[in-house]
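> Chains as they are written, first to last, in the working numbering: chain A, 1 to 363; chain B, 1 to 363. Here it is: the structure, laid out below.
There are 2 protein chains.
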Amino acid sequence: MTTDAARHHGATPLPPGSTIGILGGGQLGRMLALAAARLGFKVHIYCPDAGGPAAQVADAELNAPYDNLKAVHAFASRCDVITYEFENIPSMSARTAATACPVRPRPKALDVAQDRVTEKTFIHDTAGVPVTGFRAVNNEFDAIRAARSLGLPSVLKTRRFGYDGKGQAIVKTESAIKTAYKELGGQDLILEAFVPFVREVSVVAARSVNGETASYPLIENVHKNHMLHTSVAPTRGDTGEAQKLAIKILEALDYIGVMATEFFQLEDGSLIVNEIAPRVHNSGHWTQDAGCVDQFELHIRAICGWPLGNVVPRHTVEMTNLVGTDVNDWQTIAKDPSAALHLYGKTDPRPGRKMGHVNRIKS
Amino acid sequence: MTTDAARHHGATPLPPGSTIGILGGGQLGRMLALAAARLGFKVHIYCPDAGGPAAQVADAELNAPYDNLKAVHAFASRCDVITYEFENIPSMSARTAATACPVRPRPKALDVAQDRVTEKTFIHDTAGVPVTGFRAVNNEFDAIRAARSLGLPSVLKTRRFGYDGKGQAIVKTESAIKTAYKELGGQDLILEAFVPFVREVSVVAARSVNGETASYPLIENVHKNHMLHTSVAPTRGDTGEAQKLAIKILEALDYIGVMATEFFQLEDGSLIVNEIAPRVHNSGHWTQDAGCVDQFELHIRAICGWPLGNVVPRHTVEMTNLVGTDVNDWQTIAKDPSAALHLYGKTDPRPGRKMGHVNRIKS
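Written out as structure tokens, the structure is:
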């Protein structure tokens, strides 16, 4: 037994008063910090810029670039456990932190999640979970060949650093592939088969230091301009199958913490993984007002070796993102008796910027 | 119309991103800061000692004695609104802060709540709400005379700075009065009639800048060693009458924010006010897991001129305080699917020290 979970099996949970270090300073770090505080933990934030959403509610912050290994090591030396709030933390930084204190999820989760080819290969070959057809693409001719194999339309994407629809193009013809290749080129790409899905769903699940797993029910997600717009849960459909697939991935990764698995669902109900996020996830924000342990507390419990607690929601909740100037509706939302408002402490409502979200209890 | 509420009637609510200053750095300040963060506010903490429960989750803290008027003024100058988390803030400090920015609740609430004679006189004479019989006591002979008028047993208390049963004694005989007087003497005292109550209940209610009021249902409280042990709400009994009395006091004080009113309930169901707390209150902690706006967010909404929102609980909740080494049960509590754990970031579980609480959803 050499896995992290195995090594920690039966280990003493991290007691209240311990210090949790978070790499990343955005809204996910903020909500993790708030949840950690409820359980009596102290939180330190590592991020490049001062005074961001997470640091506003943390006990301490260290500002340095993510790839400053000396700063990362110094930060980790003052913490009892390290986690991260976004998947583009350099994996070398996470490995450096791990020389000073436990890093959960393990840095390997970053390697897998940061590259779409590595991710899909791992999910399909190692975890044995269905993914969209894909081919790595290193030049324009690869792209054409991949399209002839996968069929058109298909989706050309950057392998790394894509999010919210950035770094991707749906291509319907071979000449469109050439145009898209020029726009996205100069970096490693992937061509993915277009999936004729009827809806997008996700599962937010966790695995603890001692191997305990827990999963919220199936979540239905609606995107707008390639960005998550609403999530509703529990939604109709077979939660069990999606949970089973998500937990297969968690176990294959020897994962510790909360992970989101996004699926395409086909007309026959079958599920194909679109991508995973090795962190708390926007599609899990509804859990904050569901009357059970929320995804932020669940992540803290998992990485601290606590019992995962109750993840069965008492309510059906609909989460709506407040993007850019949507946030200006806060006065109306504050009046709505079904609404819980969550704002991120960001000052400038730029277009496309996630400023907050609102959870509405439906039943 | 010269009251604070009247002057602000129709005023623009304080927008997210504004800075809320809290005088006091304990667990109530911590939970206020967490609630304020959810709504996108920044929080600054003023308290004598560094790194306390509230400062751990705040954007900034200033450490100075509460009676350092220069420091209080400097602190208030950097905030958009000031509030307080305990009632023993010197009223002169609150008035000093008010020269730099709005202080809510108004400093007058401190004057009233800090002195049991002023408090009971105000509640009875100005608000027209029943209180226990009482007499101010300036010497041993006053005490005897008061006892002959109010009857024995009665309760001798310090007029100021009493809490959790400290600074009081139940006296059953005139000679016991003399003994108790010697123990408590050297300060202004009050003798209160002993009320043969059948239970202790409280109401947590709020009044906003624009005069809107809101109240949670009736709460039943059980004390242990003179300290709150459990609160359950909603409890049986006529919530309406208790709410009506609490709101009469809020309005008589031209109060802004959350206030707790503690009542003795007699066998015939009638209610007598025991005391008020011009702040969020331990008997309102259950609201955090009741599926509505909780008392901390309600206070922030009230002092910022927001709509008060929904205070109708979706669940019946029982709150139990974790005092001293009770907190060592955190591992057991973390496993309980009905329990939500709230810890305060205090390191030393001294006897009688409130370390956290647990809310259990009963239905």
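Ideal Cβ positions, reconstructed from N, Cα and C, are used throughout, including at glycine.
Put L69 of chain B into one of helix, strand or coil per three-state DSSP.
Helix at L69 of chain B.
> Indicate whether at least one CB of chain B lies closer than 8 Å to the CB of K166 of chain A.
No, because no Cβ of chain B sits closer than 8 Å to the Cβ of K166 of chain A.
> Is the distance from the Cβ of P48 of chain A to the Cβ of G345 of chain A below 8 Å?
Going by C-beta atoms, P48 of chain A is not nearer than 8 Å to G345 of chain A.
> Could you tell me which chain B residues have their CB closer than 9 Å to the CB of T118 of chain A, listed as they occur along the chain?
None at all; the shortest Cβ gap to chain B is about 35 Å.
> Where does L343 of chain A fall in DSSP's three states?
If DSSP states are grouped into helix, strand and coil, L343 of chain A belongs with the strands.
> Counting along the chain, where does the beta strand (DSSP E) carrying V209 of chain B start and finish?
Run containing V209 of chain B: none; DSSP gives neither H nor E here.
> Using three-state DSSP, classify K224 of chain A as helix, strand or coil.
The answer is strand: DSSP assigns K224 of chain A an E or B state.
> Assuming G40 of chain B and G17 of chain B are in contact, meaning their beta carbons sit under 8 Å apart, how far apart are those beta carbons, in whole angstroms?
Yes, G40 of chain B and G17 of chain B are in contact; Cβ-Cβ is about 6 Å, under 8 Å.
> In its own chain, which residues sit with a C-beta less than 8 Å from the C-beta of R350 of chain B, not counting the 5 before and 5 after it?
These residues qualify, in order along the chain: G324.
> In the stretch 214 to 286 of chain B, which residue ranges form an unbroken beta strand (DSSP E) of at least 3 residues, counting only runs that do not cross its ends?
If we require 3 residues or more, the beta strand (DSSP E) runs fully inside the stretch 214 to 286 of chain B come out as 219 to 224, 227 to 233, 257 to 265 and 271 to 277.
> Measuring alpha carbon to alpha carbon, tell me which of B:I333, B:I247 and B:R30 ends up nearest A127 of chain B.
Here the closest residue by C-alpha is B:I247.
> Among A:L298, A:D59 and A:R207, whose alpha-carbon lies nearest the alpha-carbon of L250 of chain A?
Selected option, being the one with the closest Cα: A:R207.
> Please list the residues of the stretch 327 to 341 of chain B that have a C-beta atom closer than 7 Å to any C-beta atom in chain D, keeping them in chain order.
The structure shown has no chain D; the protein chains it does contain are A and B.
> To the nearest angstrom, report how far apart T179 of chain B and I123 of chain B are at their CA atoms.
Rounded to whole angstroms, T179 of chain B to I123 of chain B spans 30 Å at the Cα level.
> Would you mind working out which of A:K244, A:N221 and A:N225 sits nearest A233 of chain A, comparing C-alpha positions?
Answer by Cα proximity: A:N221.
> Quick one: what does DSSP say R314 of chain B is sitting in, helix, strand or coil?
It is coil, neither helix nor strand.
> The beta strand (DSSP E) spanning T366 of chain B covers which residue range?
This structure does not reach residue 366 of chain B, given that chain B is present from 1 up to 363, and the question cannot be answered.
> Quick one: what does DSSP say V195 of chain A is sitting in, helix, strand or coil?
The answer is coil: DSSP assigns V195 of chain A none of H, G, I, E or B.
> Along the chain, where does the alpha helix (DSSP H) that runs through F439 of chain B open and close?
With chain B covering 1 to 363 only, the question about residue 439 of chain B has no answer from this structure.
> Who are the near neighbours of R95 of chain B in its chain, counting only those whose CB is closer than 7 Å to its CB and skipping five residues on each side?
Once the five neighbours on either side are set aside, the close Cβ partners of R95 of chain B are P107.
> Nearest-angstrom Cα distance between V112 of chain B and Y255 of chain B?
Straight-line Cα distance between these residues: approximately 11 Å.
> Consider the Cβ of T347 of chain A: report whether some Cβ of chain B lies at a distance smaller than 8 Å.
Yes, T347 of chain A lies at the interface with chain B (some Cβ there is under 8 Å from its Cβ).
> Using three-state DSSP, classify H8 of chain B as helix, strand or coil.
The predicted position of H8 of chain B is uncertain, since its pLDDT is 46 and thus under 50; a value taken from the coordinates is nonetheless stated next. The answer is coil: DSSP assigns H8 of chain B none of H, G, I, E or B.
> In chain A, which residues lie less than 8 Å from H299 of chain B when you measure between Cβ atoms?
Near H299 of chain B there are no residues of chain A at all, since even the closest Cβ is about 14 Å away, more than 8 Å.
> Assign H223 of chain B to one of two classes, buried (16 or more other C-beta atoms within 10 Å of its C-beta) or exposed (fewer than that).
The residue is exposed, with fewer than 16 neighbouring Cβ atoms inside 10 Å.
> Taking 8 Å as the CB-CB limit, is I361 of chain A close to chain B?
I361 of chain A counts as touching chain B.
> Compute the distance between the beta-carbons of E366 of chain A and I45 of chain A, then report whether it is under 8 Å.
The structure shown does not extend to residue 366 of chain A, since chain A is modelled only from 1 through 363, so no value can be given for it.
> Could you spell out the range, first to last residue, of the beta strand (DSSP E) harbouring I22 of chain B?
Start and end: T19 to L23.
> Please check if any C-beta of chain A sits within less than 8 Å of the C-beta of A205 of chain B.
No, no contact with chain A.
> Identify each residue in the stretch 55 to 75 of chain A for which the Cβ-Cβ distance to at least one residue of chain B is less than 7 Å, and report them in chain order.
Those residues of the stretch 55 to 75 of chain A that come within reach of chain B (Cβ to Cβ, closer than 7 Å) are Q56, V57 and D59.
> Which runs of the alpha helix (DSSP H) at least 4 residues long sit entirely within the stretch 91 to 120 of chain B? Give them in chain order.
Entirely contained in the stretch 91 to 120 of chain B, the alpha helix (DSSP H) runs reaching 4 residues are, in chain order, 91 to 98 and 107 to 114.
> Go ahead and label F141 of chain A buried or exposed: buried means 16 or more other beta carbons lie within 10 angstroms of its beta carbon, across all protein chains shown.
Label assigned to F141 of chain A: exposed.
> State whether the stretch 201 to 220 of chain A contacts the stretch 143 to 163 of chain A, with contact taken as three or more CB pairs (one from each stretch) at a distance under 8 Å.
Contact between the stretch 201 to 220 of chain A and the stretch 143 to 163 of chain A is absent, because fewer than three Cβ pairs lie under 8 Å.
> Tell me the DSSP secondary structure of T325 of chain A in three-state form.
If DSSP states are grouped into helix, strand and coil, T325 of chain A belongs with the helices.
> Nearest to F86 of chain B by alpha carbon, out of B:Q114, B:L69 and B:A97?
F86 of chain B has its Cα closest to that of B:Q114, out of B:Q114, B:L69 and B:A97.
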